[in-house]
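Protein chains in written order, with this note's numbering: chain A, 734 to 997; chain B, 332 to 740.
Every residue, glycine too, gets a C-beta built ideally from N, C-alpha and C.
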């Protein structure tokens, strides 16, 4: 994917991955783990759409995360980014996990500005009977267990193959991880619920929910809750995938999204 | 030299296999391990010990705040401090302290500390910890990346509430109050001396140095780790251009005194091992949530008191290693004197928070160790900093004419 840098009106600089030419614009918002180096779903979507994947503050080399404190800041930052991208048309939004939570919030704030909405294993709701596991208290090996249907295969996505016996590499990883999840904690800690549910009535963009059948972090029962709150939303459940469904089953995920976005 | 007799108030009945059967002493510990009927006895034993220390001539009785754990049973140290204010009238009351980011609104701390200072006749030492991640983030739900900012704001509110004579409006990011008007006001002016207990965040150093607050390193990580950390602190003090009064630094230390070194091992080893093996058994995931430590502190590579290495260490430490590594200072009065003199000078300490009650140590042993220290160690260490004898900036200034309620009985 191509890379470009933008600066928002608020003065936050960020990196945006970009792929595809000419198709209608699709903006992808990543989850709490960040962009993972390879984004196979976005590559596939780029055959048909113009795909943008901005990096949240705190996730890249740029600073600026100190300017975002709460959900309103994150949602407005999302729109700031879209404004700075100067898109040719009204975009569709795709959000994964935390990115889904923010994308849904953005769509509630500006419901006429969204073409279509895709929420992949989206955070943002809370069910007392199905508490979402606490990622902030997890050790690295526990994280892979919670995120992937196949934790062994998934682990390499999380660490990017870092050698943890190298102290410098370890410290760099700790700093990066602290910035990433420290930033995410502003909207996910201690409970990933910032009362989005009371604003979802405003959602009027066609909405697709994509879920991994074996999601252990935000289990499938949450997809049902999303459907209750957004009755028009369609649900696509993907087998042999956990919370990281776009990375575990990129072909199927991309196919579902492509079909949905291509519909008239 | 100032000596604080500090009681963490640990739960003394954690089972033998606690470490194997339970993942953490803190946050999600099984509540069935607590017995409130036995708790009645334990609290009074611990409070009696604090009063005993007052009677033996310690400079302060120390309490602190922790939540949802068997390591320290004082979710509200102010309750214990209030009993001490009524039952003693001599030594200082060191509340080290209230986790000010957790009080909503934090003016509550200004009020309760003012009450304690007034009731005790100006004997309060006011501690303002950021709080451990276990307490602050996981038990009390504060967002890790915003905890420090909220803490500094709470500090500003409390100080202004104590200093400004007229009601004022406080428009904070975390607390908004139209009328701040602290009643009662503390006896000590402009405010009781402030103690900042820290685990090793380097931002805390600048904060203490700038405000002339005592920085107290509360760690059980042994002499070597403490030396590295406090050397860093003193370098920062020197760089700031401030004086190097030893009263700028405090330190928590486990101490066990007996008639001989061998007797110390026989009497106290099992209780020290209980403390290190069970009371410090914290799930690693609770000890360092992303965002709690600043990037600057991580980059400086400061040791966190509950880091993986330490956890592994504690499971394997023997009594000999605890003693040799300076985790515990133990032995005959002569041995303890010698070890402490070295530690005090080398770390440049003016204030000590001493733990004689440790783990599941029974009352008679606690008192034995405390008495030997008070009679045969403390007097010899008392005047270790003659050139700073008149530095009273870092200690309370009680009223001469204060009410002494315990004498009326």
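According to the DSSP assignment, residue 880 of chain A belongs to the alpha helix (DSSP H) that extends over 873-880. In the DSSP assignment, the residues bridged to residue 526 of chain B are B:458 and B:545.
Contact between residue 628 of chain B and residue 534 of chain B holds, with the beta-carbon distance rounding to 7 Å and staying under 8 Å. Residue burial is scored here from C-beta neighbours: residue 912 of chain A has at least 16 other C-beta atoms within 10 angstroms and is therefore classed as buried. Taking residue 928 of chain A as the centre and dropping the five residues before and after it, the same chain places no C-beta closer than 6 Å to its C-beta. Interface with chain A (8 Å Cβ-Cβ cutoff): residue 556 of chain B is excluded.
Contact note: residue 630 of chain B reaches chain A through 904 and 908, using a C-beta cutoff of 8 Å and chain order.
At a beta-carbon threshold of 8 Å, none of the residues of chain B lie near residue 831 of chain A; the nearest stands roughly 13 Å away. In summary, residue 839 of chain A is buried, with 16 or more beta-carbon neighbours lying within 10 Å of its beta-carbon over all protein chains present. For residue 727 of chain B, no beta strand (DSSP E) segment is defined, and its DSSP state is neither H nor E.
The beta carbon of residue 915 of chain A falls within 8 Å of a beta carbon belonging to chain B, placing the residue at that interface.
Boundaries for residue 976 of chain A: no beta strand (DSSP E) harbours it, and the DSSP string shows neither H nor E there.
Setting aside the 5 residues that flank it on each side, residue 735 of chain B is surrounded in the same chain by 420, each with a C-beta closer than 6 Å to its C-beta; the list follows chain order.
In terms of beta-carbon proximity, residue 397 of chain B stays away from the interface with chain A, with every pair separated by 8 Å or more.
Separation of the CB atoms of residue 814 of chain A and residue 773 of chain A is rounded to 23 Å, and the pair is thereby denied contact status at 8 Å. Chain-order list of chain A residues neighbouring residue 624 of chain B: 911, by C-beta distance under 8 Å.
Sixteen is the threshold: since fewer than 16 other Cβ atoms of the shown chains lie within 10 Å of the Cβ of residue 375 of chain B, the residue is exposed.
By the criterion of a C-beta distance shorter than 6 Å, residue 440 of chain B is surrounded in its chain by 429, 431, 434 and 489, once the five residues flanking it on both sides are discounted. For residue 552 of chain B, there is no enclosing beta strand (DSSP E), as DSSP marks it with neither H nor E.
The shortest C-alpha to C-alpha distance from residue 371 of chain B to any of B:686, B:343, B:387 and B:353 is the one to B:343.
Following the DSSP letters along the chain, one finds residue 373 of chain B in no beta strand (DSSP E) but inside the alpha helix (DSSP H) bounded by residues 367-387.
Residue environment analysis places residue 526 of chain B among the buried positions, since at least 16 neighbouring C-beta atoms fall within 10 angstroms of its C-beta. CA-to-CA, the gap between residue 978 of chain A and residue 986 of chain A works out to about 7 Å.
Residue 510 of chain B and residue 716 of chain B have their C-alpha atoms some 45 Å from each other. In this structure, B:462 is the residue among B:462, B:495, B:571 and B:481 with its C-alpha nearest to the C-alpha of residue 548 of chain B.
When secondary structure is reduced to three states using DSSP, residue 747 of chain A falls in the strand class. At least one C-beta of chain B is nearer than 8 Å to the C-beta of residue 870 of chain A.
Residue 416 of chain B and residue 804 of chain A have their alpha carbons spaced roughly 45 Å apart.
Distance from the CA of residue 649 of chain B to the CA of residue 879 of chain A, rounded to the nearest whole angstrom, comes to 37 Å. Residue pairing for residue 587 of chain B: DSSP places it in a beta bridge opposite B:661. Setting aside the 5 residues that flank it on each side, residue 543 of chain B is surrounded in the same chain by 724, each with a C-beta closer than 7 Å to its C-beta; the list follows chain order.
The Cβ-Cβ distance between residue 976 of chain A and residue 845 of chain A does not fall below 8 Å.
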